[in-house]
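Peer 1: Once you've had a glance at the structure underneath, I'll fire off some questions.
Numbering (my numbering), first residue to last: 285 to 989.
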């Protein structure tokens, strides 16, 4: 507490009239001096005292409480501060400055830690980076400008928002920048100049990259400055090449599946560079199919044929080629086949020349009639072995010598007919394996509980099933007597599905409540075409609210722990917990931005926390260019730790220079709160009246003589 004495005025009349009276008095004195040659000293004193009395001087005494000045110490703790010896330099300067500031009286220190995640939230940016100025503005929000002594930023200078965000108290106090890195820093970075958002499955897609060597790099002729670049698609390496540094280069790749794919591009490190975290770039590409080409061959007209057409034609991206064999073998009348068809069946074109162009081939109640030579059916078997998709829907003929199983397709089909056709009402049931398989898992109405505690479907009944023996593959649905009803299998690089009934159309008609026929056929077709979301064994990860949820789908009874590989290179085990049949989940959080890789014993997936290519790692070389304008505008210092170590502090009055080559000035504002005020007139009214009268009488008597 301090006491302050002061003098103020509280005029008895408006100041204007006091001025008028003073002017009249001075004029009268001037006339008196000119005419009477008298100095009029007493009159001057009389007028002066009269004016002073009218001004009413007040003597006051204030009891004041000094207010502490505030120093904002902003410490950059973003991930780029972990490179080189920046972290050690930062800790040393923070410790030394904190000790120095603590020894100074009437000074408050507010320390803020600025991380890339915190700054990103403050600025609402999506690409990350260290938003140092935004974090400082948040700290200055409740600090009066008249109390601000200095802002001291300890950083590597890579403030993403320095050029786009104004400092709220830029002119109130000096902005001192202390750089933690070295002028010898050098780094290589991979710049993703152009990245496609989507690509056509099976066709070439192009991205554009550039390799930059920045900082204190050696002088190498551009033509000889080469770097090796490798490209990975969904974790699998698809190519490596040598590229020239500093030039734009196209990267060409081909998407092999629909849905999201992640492309990773890596460049070989530069000797002695700060970090290789920015030697890679990643982007996601949404794979879309240009057109799905489906070949549907119906062996004979039947009620369920329209169901296939409605299902496939409902999707505008499907090109359907559908042929129905109209003449059954029991109606032979000698008429040539080419005269019975409305359109000639282009068997050679479809099954010999263009079979590989189809994404899916479906045989619906097909029987051998001699229209498709054995060689063409052998082509279908090779089509599947080479990666094609085949689905068969069996009718009664599948149990006869005219069966499709009596062709070269027998090697492809996983279930062999035993000659029986089961004609009885039954409800299809999901097998134990089927509850875990993505084709049949969570089908509506599949797992209603019975009084005995079992799972039983509540769908409408079917009335025909073709009895068969499951030779291989996975049985997902069963019919009467647990005979296989839906069997899926992999053959070579392709896939096969057998539906051993021709009465699925009853569900689409709503018989006895119907069933999920469209969903079942859609899933089966998508599984055959290797859609990622229908893989039996798959590992996926999504981010939500800063948390990563990892899901492991498997047909096994257990799921082994996965391993998380962080962008920094460290790893951590991740155990799973079962959530439902065939599905296991785990969650984790990470304090690192960038691409995280998650692997188990068989699978791997990638997930990006924050942006795929964080701005924090775009340029990690220490620079003074971004914060220098702020320091210069506020008469602040910009010093390198490698030059001065930790600078010393000194108090500076407003208007004085705020820094030297190795010292930082703290502006002392001398602000205070007034706790108590006491006032009294300098001239008491009675004393003023007596004194004024005495001067008046004395003046009159002297001038009268």
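Just so you know, even glycine gets a beta-carbon here, dropped at the ideal spot from N, CA and C.
Measuring only the C-alpha atoms, how far is residue 357 from residue 487?
Peer 2: Going by the C-alpha atoms only, they are around 55 Å apart.
Peer 1: With contact counted as at least three CB pairs below 8 Å, one residue from each stretch, are the stretch 586-599 and the stretch 801-816 in contact?
Peer 2: Touching, yes, given that three or more Cβ pairs across the two stretches are closer than 8 Å.
Peer 1: Pop quiz: residue 253 and residue 698 are said to be a contact at Cβ under 8 Å. What is the actual Cβ separation, rounded to whole angstroms?
Peer 2: Because residue 253 is not part of the residues shown, which for the chain are 285 to 989, the question remains open.
Peer 1: Please check the pair residue 538 and residue 583, which I expect to be a contact at CB under 8 Å, by giving their CB distance rounded to whole angstroms.
Peer 2: Incorrect: roughly 37 Å between the Cβ atoms, too far for contact.
Peer 1: Tell me, please, whether the stretch 383-392 touches the stretch 339-359 by the rule of three or more beta-carbon pairs shorter than 8 Å.
Peer 2: The answer is yes - the stretch 339-359 touches the stretch 383-392, with three or more Cβ pairs under 8 Å.
Peer 1: Write down every uninterrupted run of the beta strand (DSSP E) in the stretch 569-593 whose length is 3 residues or greater and which is fully enclosed by it, in chain order.
Peer 2: DSSP runs (the beta strand (DSSP E)) wholly in the stretch 569-593: 576-582.
Peer 1: Just the C-alpha distance for residue 951 and residue 861, rounded to the nearest angstrom, thanks.
Peer 2: Whole-angstrom Cα-Cα distance: 59 Å.
Peer 1: DSSP three-state call for residue 551: helix, strand or coil?
Peer 2: Of the three classes helix, strand and coil, the one that applies to residue 551 here is strand, per DSSP.
Peer 1: Does DSSP classify residue 337 as helix, strand or coil?
Peer 2: Of the three classes helix, strand and coil, the one that applies to residue 337 here is helix, per DSSP.
Peer 1: Counting C-beta neighbours from all protein chains within 10 Å, is the total for residue 672 16 or more, i.e. buried, or is it exposed?
Peer 2: Buried, since its Cβ has 16 or more Cβ neighbours within 10 Å.
Peer 1: Using DSSP's beta-bridge definition, name the partner residues of residue 890.
Peer 2: Answer by DSSP bridge pairing, in chain order: 881.
Peer 1: Among the residues of its own chain, which have a CB less than 6 Å from the CB of residue 471, if the five just before and after it don't count?
Peer 2: Counting only Cβ-Cβ distances below 6 Å, and skipping sequence neighbours, we find 498, 499, 557, 558, 904, 905.
Peer 1: Determine the contact status of residue 492 and residue 532, defining contact as a CB-CB distance below 8 Å.
Peer 2: Their beta carbons are under 8 Å apart, which means residue 492 touches residue 532 by this criterion.
Peer 1: State the Cα-Cα distance for the pair residue 293 and residue 301, rounded to the nearest angstrom.
Peer 2: Rounded to the nearest angstrom, the two C-alpha atoms are 15 Å apart.
Peer 1: Less than 6 Å between C-beta atoms, sequence neighbours within five positions excluded: which residues of the same chain meet that for residue 836?
Peer 2: Same-chain partners within the cutoff: 823, 843, 860, 868.
Peer 1: Take the Cβ of residue 963 as the centre, count every other Cβ of all protein chains shown within 10 Å, and call the residue buried at 16 or more, exposed below.
Peer 2: Burial call: exposed.
Peer 1: Taking the alpha carbon of residue 812 as the reference point, which residue from 674, 790, 296 has its own alpha carbon closest?
Peer 2: The option with the nearest alpha carbon to residue 812 is 674.
Peer 1: Under a three-way DSSP split, which group does residue 770 fall into?
Peer 2: Reduced to three states, the DSSP call for residue 770 is strand.
Peer 1: Kindly indicate which residue of 303, 462, 782, 825 has the alpha-carbon position closest to the one of residue 376.
Peer 2: Cα-wise, what sits closest to residue 376 is 462.
Peer 1: Would you check if there are 3 or more beta carbon pairs closer than 8 Å linking the stretch 703-721 to the stretch 634-644?
Peer 2: Judged by Cβ distances under 8 Å, the stretch 703-721 makes no contact with the stretch 634-644, as fewer than three pairs qualify.
Peer 1: Is it right to say residue 854 is buried, meaning 16 or more other beta carbons lie within 10 angstroms of its own, or is it exposed?
Peer 2: Exposed, because fewer than 16 other Cβ atoms sit within 10 Å of the Cβ of residue 854.
Peer 1: Which residue from 893, 525, 563, 441 puts its Cα closest to that of residue 830?
Peer 2: Nearest C-alpha to residue 830: 893.
Peer 1: For residue 533, list the residues DSSP reports as bridge partners.
Peer 2: Answer by DSSP bridge pairing, in chain order: 493.
Peer 1: In the DSSP assignment, the alpha helix (DSSP H) including residue 380 goes from what residue to what residue?
Peer 2: Element bounds for residue 380: 370-386.
Peer 1: For the stretch 867-885 against the stretch 906-919, do three or more pairs of beta-carbon atoms, one drawn from each stretch, fall closer than 8 Å, so that the two count as touching?
Peer 2: These segments do not touch.
Peer 1: Under three-state DSSP, which class holds residue 997?
Peer 2: Outside the displayed span of the chain (285 to 989) sits residue 997, for which this structure offers no information.
Peer 1: Spatial neighbours of residue 536 within its chain, please: C-beta separation below 6 Å, excluding the five flanking residues on both sides.
Peer 2: Counting only Cβ-Cβ distances below 6 Å, and skipping sequence neighbours, we find 488, 490.
Peer 1: Assign residue 447 to one of two classes, buried (16 or more other C-beta atoms within 10 Å of its C-beta) or exposed (fewer than that).
Peer 2: Residue 447 comes out exposed.
Peer 1: Taking the alpha carbon of residue 634 as the point to measure from, which residue in 743, 693, 661 has its own alpha carbon closest?
Peer 2: Closest by alpha carbon: 661.
Peer 1: Would you call the CB atoms of residue 902 and residue 473 closer than 8 Å?
Peer 2: In this structure, residue 473 lies closer than 8 Å to residue 902 by Cβ.
Peer 1: Only counting the same chain, and skipping five residues up and downstream in sequence, which positions put a Cβ closer than 7 Å to that of residue 818?
Peer 2: Only 722, 723, 807, 810, 811 meet the Cβ criterion.
Peer 1: Over the uninterrupted alpha helix (DSSP H) stretch that includes residue 416, give me the two end residues.
Peer 2: Run containing residue 416: 416-424, per the alpha helix (DSSP H) assignment.
Peer 1: Rounded to the nearest angstrom, what separates residue 886 and residue 756 at their Cα positions?
Peer 2: So the alpha carbons of these two residues sit roughly 22 Å apart.
Peer 1: Cα separation between residue 479 and residue 567?
Peer 2: Spanning the two alpha carbons is a distance of roughly 7 Å.
Peer 1: If residue 374 sits next to residue 365, beta carbons under 8 Å apart, how far is it from one beta carbon to the other, in whole angstroms?
Peer 2: About 6 Å; that satisfies the 8 Å criterion.
Peer 1: Which ranges would you report for the beta strand (DSSP E) in the stretch 627-707 if only whole runs of at least 3 residues count?
Peer 2: Segments of the beta strand (DSSP E) lying fully in the stretch 627-707: 644-648, 673-677, 699-706.
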